[in-house]
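Numbering (this note's numbering), first residue to last: 1 to 273. Ideal Cβ placement from N, Cα and C applies to all residues, glycine included. Computed from a prediction, not measured in an experiment: that's the story for all the values here.
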Ligand code: SAH
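Right under this line is the structure:
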């Protein structure tokens with residue numbers, strides 16, 4: 001027997017037990033390493049599938065962390081905006097394969113070559129609108145519908161226009177299914193606004209025109225505010241305010257990078273998905 005060979009030699013017993021301990025040690029280390037790998041590689045999806053009770057709320061801690069680390073820490077204090085962003089399932093607005101990245105500090109592709117904005121930018125633009133609660137808001141660039149869903153929880157009515165038909169349809173279905181009944185989606189060119197429902201208390205533009213669209217300024221109520229990115233490759237986020245007597249004031253908030261606003265005659269950019 002192998003062990004009798006060890007036991008016959010001087011010090012062999014010690015060597016035999018040392019080998020046993022070493023083998024057990026290596027086996028344990030291997031097993032622990034493997035289970036940690038599962039956690040590290042964030043196989044959240046698989047764990048969730050195996051445990052349906054975890055499914056519903058998995059994103060809540062991600063959303064909470066998103067609000068604390070990306071938004072509050074950068075100086076946004078509007079409690080209502082923070083609360084709504086913490087309680088809105090952003091992963092439902094991105095393609096399934098990006099679910100786990102939905103609460104990351106970055107924009108994400110939503111199809112048709114378009115993107116959902118970085119959470120901080122959504123918070124910054126929403127806060128800049130200085131919302132009280134009873135407003136009628138126009139959004140240009142529905143995209144995924146996420147910004148519209150955030151606004152829907154803060155104002156009375158949201159009118160939102162999307163120029164790409166597939167995105168408009170998808171967002172409309174998604175918002176309806178999620179119960180945001182005060183959002184009205186239209187497929188069309190937002191450069192001209194939505195005259196049938198004008199004037200608006202607030203306007204938010206989430207694609208960058210080269211200059212401020214005059215039709216949108218005209219559709220803003222006196223006392224109203226519009227937030228929009230303006231420019232070509234170099235863009236500035238601006239707030240346009242209309243005073244009670246109709247005067248226009250412009251403020252620049254910061255530099256930003258949005259997808260360009262598509263003009264009616266331009267070809268639709270290719271899908272890079
Ligand atoms: N607010 C969106 C993100 C918008 S991305 C969200 O929360 O997901 C910008 C969107 O503006 C794109 O979907 C793009 O198709 C749309 N867009 C570009 N030009 C437009 C125009 N002239 N009228 C309406 N929508 C436009």
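- Message: Can you tell me whether residue 123 is buried or exposed? The criterion is at least 16 other CB atoms within 10 Å of its CB, across all chains shown.
- Response: Counting from 1 along the chain shown, the entry for residue 123 is found at position 123. Residue 123 comes out buried.
- Message: Restricting to Cα atoms, I'd like to know which of 239, 176, 83 and 198 is closest to residue 205.
- Response: As a working mapping, residue 205 is identified with position 205 in the chain shown. Taking only the C-alpha atoms, the option nearest residue 205 is 239.
- Item | Burial state of residue 53 (16 or more Cβ within 10 Å) | Translated into positions along the chain shown, residue 53 becomes position 53. Caution applies to residue 53, whose pLDDT of 49 falls short of 50 and renders its modelled position unreliable; the model cannot decide the point.
- Report, in whole angstroms, the separation of the C-beta atoms of residue 183 and residue 175, which I expect to be a contact under 8 Å. Within the chain shown, numbered from 1, the residue matching residue 183 stands at position 183. Within the chain shown, numbered from 1, the residue matching residue 175 stands at position 175. About 5 Å separates the two Cβ atoms, so the contact holds.
- Taking DSSP as the reference, what is the three-state secondary structure of residue 247? In the chain shown, residue 247 corresponds to position 247, counting from 1. In the structure shown, residue 247 adopts coil according to DSSP, grouped into three states.
- Query: Out of curiosity, what's the CA-to-CA distance linking residue 212 and residue 55?
  - Reply: For this step, residue 212 is matched to residue 212 along the chain shown. For this step, residue 55 is matched to residue 55 along the chain shown. CA-CA distance, residue 212 to residue 55, rounds to 44 Å.
- Nearest CA to the CA of residue 132: which residue from 118, 145, 154 and 142? In the chain shown, the residue the question calls residue 132 occupies position 132. It is 154 whose Cα lies nearest to the Cα of residue 132.
- Task: State buried or exposed for residue 242, treating a residue as buried only when at least 16 other CB atoms are found within 10 Å of its CB.
- Result: As a working mapping, residue 242 is identified with position 242 in the chain shown. Within a 10 Å sphere around the beta-carbon of residue 242 sit 16 or more other beta-carbons, which makes this residue buried.
- How far does the beta strand (DSSP E) with residue 136 in it reach, from first residue to last? If you number the chain shown from 1, residue 136 lands on position 136. Its beta strand (DSSP E) spans residues 136–140.
- Stretch-stretch touch, CB-based, cutoff 8 Å, three pairs: the region 69–85 with the region 139–156: Flag = yes, the region 69–85 and the region 139–156 touch.
- Can you give me the Cβ contacts of residue 115 inside the same chain, cut-off strictly under 7 Å, excluding the 5 residues immediately before and after it? Position 115 of the chain shown, counted from the first residue, corresponds to residue 115. The beta carbon of residue 115 sits closer than 7 Å to the beta carbons of 107, 108, 109 and 259 from its chain, once the five residues preceding and following it are set aside; these are given in chain order.
- Query: Taking the Cβ atom as the reference point for each residue, do residue 202 and residue 135 lie within a distance shorter than 8 Å?
  - Reply: On the chain shown, residue 202 is found 202 positions in, with the first residue counted as 1. On the chain shown, residue 135 is found 135 positions in, with the first residue counted as 1. Closer than 8 Å, so yes.
- Query: Just to confirm, does residue 147 get its C-beta within under 7 Å of one of the non-hydrogen atoms of the ligand SAH?
  - Reply: Walking along the chain shown from the start, residue 147 turns up at place 147. At least one heavy atom of the ligand SAH is nearer than 7 Å to the Cβ of residue 147, so yes.
- Task: Could you check the C-alpha separation between residue 177 and residue 65 for me, to the nearest Å?
- Result: Mapped onto the chain shown, residue 177 falls at position 177. Mapped onto the chain shown, residue 65 falls at position 65. Between residue 177 and residue 65, the C-alpha separation is close to 26 Å.
- Under three-state DSSP, which class holds residue 118? The residue labelled residue 118 in the question sits at position 118 within the chain shown. DSSP places residue 118 in coil when its eight states are reduced to three.
- Query: Per DSSP, residue 162 is paired with what?
  - Reply: Working through the chain shown from its first residue, we reach residue 162 at position 162. In the DSSP output, where bridge partners are listed per residue, residue 162 has 187.
- Which class does residue 261 belong to by DSSP, given the choice of helix, strand or coil? The residue you call residue 261 lines up with position 261 of the chain shown. Residue 261 falls in the coil class under three-state DSSP.
- For residue 157, name the three-state secondary structure that DSSP assigns. The sequence position of residue 157 within the chain shown is 157, counting from 1. Residue 157 sits in a strand when the DSSP states are folded into three classes.
- Say yes only if the C-beta of residue 162 is nearer than 7 Å to one or more non-hydrogen atoms of the ligand SAH, and no if none qualify. Position 162 of the chain shown holds residue 162. Yes, the beta carbon of residue 162 sits closer than 7 Å to at least one heavy atom of the ligand SAH.
- Task: Within the same chain, show all residues whose beta-carbon is closer than 8 Å to that of residue 235, passing over the 5 residues directly before and after it, in chain order.
- Result: As a position in the chain shown, residue 235 is number 235, starting the count at 1. Residues of the same chain with a CB within less than 8 Å of the CB of residue 235, apart from the 5 flanking positions on each side, are 208, 229, 255, 256, 257 and 258 in chain order.
- Own chain, CB closer than 8 Å to residue 247, minus 5 neighbours either side, in chain order: As a position in the chain shown, residue 247 is number 247, starting the count at 1. The answer is none, since no qualifying residue turns up.
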